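K.L.:
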Amino acid sequence: MDITQYKDVYVFAEQRGGVVQKVAFELLGKARELADALNEKVVAVLLGKDIENKAQDLIQAGADKVLVVDNDALKNYMTEPYTQALSQIINERKPDILLLGATTIGRDLGPRVSARVTTGLTADCTKLEIGENGEFLMTRPAFGGNLMATILCKDHRPQMATVRPGVMQRLEDTSARKGEVEKVEVSFNMEKINRVKLLESVVKPKTTKDITEAPVLVSAGRGVHKEYYGHLRELADELNGEVSASRATVDAGNMDHDLQVGQTGKTVRPKLYVACGISGAIQHLAGMEESEYIIAINKDKFAPIFGVADIGIVGEVEKIVPLLTEKIRNLKK
Amino acid sequence: MNIVVCIKQVPDTTEVKINPQTGTLMRDGVPSIMNPDDKGGLEFALQLKDKYNAHVTVITMGLPQAEAILREALAMGVDRAILLTDRKLGGADTLATSNSLAGALRTLDYDLIITGRQAIDGDTAQVGPQIAEHLDIPQVSYLEHLDFDGKKTLTIRKQTEEGYQVLQMDTPCLVTVLASAVKPRYMHMRGIAAAYKKEIEVWGADKINVPEEKIGKAGSPTSVAKAFPKSIKPAGSLFEGSAEEAVNLIVSKLKEQHII
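So the sequence lines, in the order shown, correspond to chains A and B. Mind the numbering: the first sequence is residues 2 to 334 in my numbering, read in order. Mind the numbering: the second sequence is residues 2 to 261 in my numbering, read in order.
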């Protein structure tokens with residue numbers, strides 16, 4: 002592989018149901034910074050059906066060029082047609098770097114593509130930068146978030162990385178930007194595509210709001226029995242916030258995966274994070290330590306959660322939370 | 002029906018703590034466990050064994066001590082256990098790992114390959130889809146429910162951010178499973194006793210017929226340039242007292258922060 006032939010920073014612009022996902026705009030913001038450091042271009046890859054009209058938004062978010070593949074086979078995300086389209090683009094265009102969102106789709110597509118084109122893929126990066134010698138440095142949590150590791154992909158291209166939603170920030174500069182839109186044809190192997198059939202796509206009505214958008218989160222850990230979740234809900238309601246959970250709580254089947262904060266859940270940055278009965282495994286801290294203000298309540302005064310909390314309360318969630326809710330409620334009267 | 006489940010031994014990362022004084026990892030006494038998503042995958046396989054008399058093989062790649070999770074799988078009821086272990090396979094990233102496991106799988110009869118969605122020590126979710134690609138079989142990841150028609154068609158519910166998808170594919174194929182989808186069975190006493198009588202097959206790199214440039218460190222496109230402890234912000238104040246006092250303190254802080 003002659004790596005000098007590979008250039009430009011590509012972003013897989015994930016869309017679902019014709020809506021470009023927030024993470025794609027965040028990646029374009031980071032891609033812009035990387036491309037400027039390398040003196041290369043930012044190229045967004047938009048795959049779907051009747052989605053060309055979204056290309057301008059990608060240019061506005063930092064892309065110099067948008068490659069659009071518009072095809073019936075790409076209407077809904079399916080592993081094989083998307084892998085074929087993205088792999089062909091890689092083989093023909095030779096990107097230096099390719100970024101994908103670490104979403105259900107990106108984490109399905111990324112590895113399949115990396116194996117097809119034989120290159121490295123670094124998952125869930127929290128920091129991407131260009132080193133002194135122009136090398137691409139991908140930093141991610143390792144060992145369940147207990148350590149950070151900086152990864153290199155020296156001799157293979159593209160250098161692929163996924164980034165979780167909410168980690169990077171979209172460009173702040175909103176002045177009008179110009180770019181090029183190019184429609185690309187891909188030849189599909191339908192026999193391989195037809196090996197998997199999509200029978201049904203179900204969008205569940207949201208019973209809860211997106212926890213990444215909530216200004217306040219009251220989060221339940223293993224130390225709170227599920228019969229007390231109602232107390233947390235009431236406090237969250239009083240603070241115009243939402244309830245979230247640690248992995249232990251979700252794995253025990255007591256809360257929905259949508260509500261999980263942490264390395265394997267969501268990355269959140271609320272104004273206030275109230276950690277209730279959460280010990281503070283590093284994989285949890287990885288998802289919430291950027292919160293503006295953190296209150297932790299835990300019986301164990303050695304709980305690691307206290308290490309990141311602005312105030313730590315050694316005590317019982319079951320007693321403190323209802324009292325707190327009542328006090329706030331009274332203050333509002 | 003032949004099912005092969007790929008499992009991994011991982012440190013129980015929820016038990017890992019950081020020394021608050023030095024910011025370093027306290028690895029001592031961290032137990033090793035069967036990766037939770039893999040255990041969920043194993044349960045799905047055993048349910049297919051119960052219902053359709055499927056033959057279930059487990060394979061793990063790792064250090065010799067990974068034998069412990071194979072014994073556990075045998076005690077849960079699997080038919081065959083393979084430990085793929087060799088220095089030549091060490092230092093592998095996900096691509097080299099998937100190449101090694103795919104090599105082992107090529108030598109086995111399989112209709113369905115099951116992996117966990119991801120391992121809790123790496124959290125990459127890459128090895129399952131990469132194995133499927135190397136073997137040129139279709140995959141569905143993030144499986145939360147599985148129906149088998151008893152012949153060759155699987156109907157799968159896949160978790161998505163918005164809800165779920167129902168997908169159908171024929172064997173041979175691969176699925177990656179979520180731990181939260183199913184409650185794994187316990188080892189039963191008779192199973193534990195039997196598990197120690199059963200032989201675990203130990204395979205070396207020579208057994209998998211994959212070129213050396215595709216395995217281990219040589220077969221890994223990515224490498225770790227450096228690893229370092231995470232910077233932790235200084236801890237705030239710690240309060241011990243009555244619930245009433247605690248609530249007063251919280252309220253005053255929330256006022257300071259203009260949250261209430």
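Yeah, the Cβ is synthetic: ideal placement off N, Cα and C, and Gly gets one too. Just so we're clear, the structure is a prediction, and the values are computed from it rather than from any experiment.
Under 8 Å, Cβ to Cβ, is there at least one residue of chain B near Asp301 of chain A?
P.N.:
No, Asp301 of chain A does not count as interfacial toward chain B.
K.L.:
Using a Cβ cut-off of 7 Å, pull out every chain A residue sitting near Ser99 of chain B, in sequence order please.
P.N.:
Ala116
K.L.:
Does any residue of chain B bring its CB to less than 8 Å from the CB of Val164 of chain A?
P.N.:
no
K.L.:
Whose C-beta lies closer than 8 Å to the C-beta of Ile131 of chain A among residues of the same chain, with five residues either side of it excluded?
P.N.:
Leu35, Ala38, Leu39, Phe137 and Leu138
K.L.:
With 9 Å as the C-beta to C-beta threshold (strictly closer), list the residues of the stretch 208 to 220 of chain A near chain B in chain order.
P.N.:
Pro216 and Val217
K.L.:
Is the stretch 105 to 114 of chain B close to the stretch 207 to 219 of chain B, with three or more CB pairs under 8 Å?
P.N.:
Output reads yes: the stretch 207 to 219 of chain B touches the stretch 105 to 114 of chain B.
K.L.:
Spatial neighbours of Phe307 of chain A within its chain, please: C-beta separation below 6 Å, excluding the five flanking residues on both sides.
P.N.:
Ala297 and Gly313
K.L.:
By how many angstroms is the C-alpha of Val12 of chain A removed from the C-alpha of Val168 of chain A?
P.N.:
15 Å
K.L.:
Quick one: is Thr175 of chain A buried, meaning 16 or more other Cβ sit within 10 Å of its Cβ, or exposed?
P.N.:
exposed
K.L.:
Taking CB distances under 8 Å as the criterion, tell me whether Pro222 of chain B reaches chain A.
P.N.:
yes
K.L.:
Using a Cβ-Cβ distance cut-off of 8 Å, determine whether Thr61 of chain B contacts chain A.
P.N.:
no
K.L.:
Using 8 Å for Cβ pairs, my map puts Asn241 of chain A next to Val225 of chain A. What's the rounded Cβ distance?
P.N.:
Going by Cβ atoms, the distance from Asn241 of chain A to Val225 of chain A rounds to 21 Å, so no, they are not a contact pair.
K.L.:
In chain A, what lies closer than 7 Å to Met35 of chain B by C-beta?
P.N.:
Result: empty, since nearest Cβ-Cβ is about 14 Å, beyond 7 Å.
K.L.:
Out of A:Gly254, A:Val251 and A:Leu260, point me to the one whose CA is closest to Glu243 of chain A's CA.
P.N.:
A:Leu260
K.L.:
Tell me whether the beta-carbon of Ala304 of chain A lies closer than 8 Å to the beta-carbon of Pro142 of chain A.
P.N.:
no
K.L.:
Against chain B, does Phe189 of chain A count as a neighbour if the rule is that its beta carbon must be under 8 Å from one of theirs?
P.N.:
no
K.L.:
Kindly list, in the order they appear in chain A, the residues whose Cβ is closer than 7 Å to that of His135 of chain B.
P.N.:
Ala116
K.L.:
Are Gly242 of chain B and Asp311 of chain A closer than 8 Å when you measure CB to CB?
P.N.:
no
K.L.:
Straight-line CA distance for Lys40 of chain B to Arg118 of chain B?
P.N.:
11 Å
K.L.:
Quickly, what does DSSP pair Gly313 of chain A with across the bridge? List them, please.
P.N.:
A:Ala297 and B:Leu239
K.L.:
Counting contacts by CB-CB distance shorter than 8 Å, is Cys126 of chain A in contact with chain B?
P.N.:
no
K.L.:
Which parts of the stretch 245 to 277 of chain A are runs of the beta strand (DSSP E), unbroken and 3 residues or longer, counting only runs that do not cross its ends?
P.N.:
273 to 277, all fully within the stretch 245 to 277 of chain A.
K.L.:
What is the rounded straight-line gap between the Cα of Gln66 of chain B and the Cα of Gly316 of chain A?
P.N.:
40 Å
K.L.:
Any idea if Met191 of chain A is buried or exposed, counting beta-carbon neighbours within 10 angstroms, 16 or more meaning buried?
P.N.:
Under this definition Met191 of chain A is an exposed residue.
K.L.:
For Thr58 of chain B, which residues from the same chain have a beta carbon less than 6 Å from its beta carbon, with the 5 sequence-adjacent residues on both sides left out?
P.N.:
Closer than 6 Å at the Cβ level, and outside the excluded window around Thr58 of chain B, lie Val5 and Arg81.
K.L.:
Any idea what DSSP makes of Asn241 of chain A, helix, strand or coil?
P.N.:
coil
K.L.:
Going by C-alpha distance, which of A:Tyr294, A:Gly278 and A:Asn255 is nearest Val269 of chain A?
P.N.:
A:Tyr294
K.L.:
At the 8 Å Cβ level, is Cys277 of chain A part of the contact set with chain B, yes or no?
P.N.:
It does not; no Cβ of chain B falls within 8 Å.
K.L.:
Between the Cα of Ile70 of chain B and those of B:Lys159, B:Val11 and B:Ile251, spot the shortest distance and give me the residue it belongs to.
P.N.:
B:Val11
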